[in-house]
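Chemist: Pasting in a structure now, in structure tokens, and then I'll have a few things to ask.
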Amino acid sequence: MISGVAVVDASVVVEYLVELQLAEQATRFFAGLVAEPPLELWAPDLIYPETVSALRKLVQRSAIDADAGTRAVGRLVRLPLIATGTGGLMAEAWALRRSVTPYDACYLALAARLRAPFVTADARLARGQRGRAGRVWFLGDLAP
């Protein structure tokens with residue numbers, strides 16, 4: 005299990021909020037927030053609109069109903085995430101332009117800056133970044 009500090013992306017938060025395919029792993033991961041010592045979860049502040057966008061898509065596809073989406077947004081704003089602005093991450097994010105989107109690059113840049121593992125529920129992103137300096141974890145690889 006991850007302890008100390010980690011950078012988490014919107015895909016992990018969505019798994020936790022609406023209990024999708026990786027719900028068990030997400031619940032166990034977020035349980036670290038109340039462990040001793042507690043896990044600090046960091047993210048670029050774009051995590052909020054990215055998460056809400058993903059929830060909107062789930063409602064549009066009828067994967068969840070609108071009430072579940074509303075509850076998830078309420079839980080999102082109460083999560084003890086340490087959100088940081090993206091402006092200071094742009095140079096590092098730009099350096100990653102050939103391998104990831106600017107959004108994913110912000111998470112990776114923050115993880116590198118904090119020397120912390122990056123956790124994602126995006127298997128393709130995790131596989132593509134395994135060779136990077138630092139640690140990239142796929143949520144599905146964490147024991148349920």
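The opening residue of the sequence shown carries number 5 in this note's numbering; numbering runs sequentially from there.
From the three backbone atoms N, C-alpha and C, an ideal C-beta is built for every residue, glycine too.
This one's a predicted model, so the numbers in the text were calculated from it and none came from an experiment.
#1: By alpha-carbon positions, which one of E19, P121, A125 and G132 ends up nearest to I68?
#2: Check whether the region 97 to 112 touches the region 74 to 86, taking contact to mean three or more Cβ pairs, one atom from each stretch, closer than 8 Å.
#3: Report the start-end ranges of each beta strand (DSSP E) in the region 33 to 93 that is 3 residues or longer and not cut off at the edges.
#4: So V104 is in the beta strand (DSSP E); what residue range does that whole segment cover?
#5: Verify whether the separation of the beta carbon atoms of A125 and L26 is less than 8 Å.
#6: Could you tell me the distance, in whole angstroms, from the CA atom of R60 to the CA atom of A116?
#7: Is it buried or exposed for Q29, if we count other Cβ within 10 angstroms and need 16 for buried?
#8: With distances taken between CB atoms, is the gap from R79 to L21 smaller than 8 Å?
Modeler: Put simply:
#1: E19
#2: no
#3: Fully enclosed beta strand (DSSP E) runs of 3 or longer: 44 to 48 and 85 to 88.
#4: Where V104 is concerned, there is no enclosing beta strand (DSSP E), given that its DSSP letter is neither H nor E.
#5: yes
#6: 30 Å
#7: buried
#8: Annotated as proximal: R79 and L21, with beta-carbon spacing under 8 Å.
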